[in-house]
Amino acid sequence: MAVMIENTMRIPVADLATIRLKCKSDNCGSAAEVPIIRLDQATLRCPVCGSVMRRADIDQVMSQLSQALVFLAQQDDLPFDLEFVLLTDVLGKNGE
877 MAVMIENTMR IPVADLATIR LKCKSDNCGS AAEVPIIRLD QATLRCPVCG SVMRRADIDQ
937 VMSQLSQALV FLAQQDDLPF DLEFVLLTDV LGKNGE
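Going by the numbering used here, the sequence shown opens with residue 877, and the numbers climb by one from there.
Given below as structure tokens:
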């Protein structure tokens, strides 16, 4: 029986620089890395298979995400610290 240990990594919003988009085309799985500041302007294509990584219904949301992250990272007087928490699982000694 494996023991699962959960670790966390906290990243301040000002330290976020890039968003990684993983291609879901058949047999690809490659990734495009896009600077957050350019997320709303980028031509999102898979660097390996060339698949378009855009959809009309999410373009506005991606733009809003980019603008929100850039805006929040530039604020020095927020009444809180904004961090993203990433969970990482470390498997026990049996590797299960």
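Where is the CB? At the ideal position from N, CA and C, for every residue including glycine.
How far does the beta strand (DSSP E) with A907 in it extend, from its first residue to its last? A907 to P911
Does M929 pass the burial test, meaning 16 or more other C-beta atoms within 10 Å, or should it be called exposed? buried
In the DSSP output, what is V961 paired with across the bridge? According to DSSP, V961 bridges with R886.
Per-residue DSSP class, three states only, for R921: strand
Minimum C-alpha distance to T894 - residue among A908, N883 and F947: A908
Give me the DSSP bridge partner(s) of V928. R921
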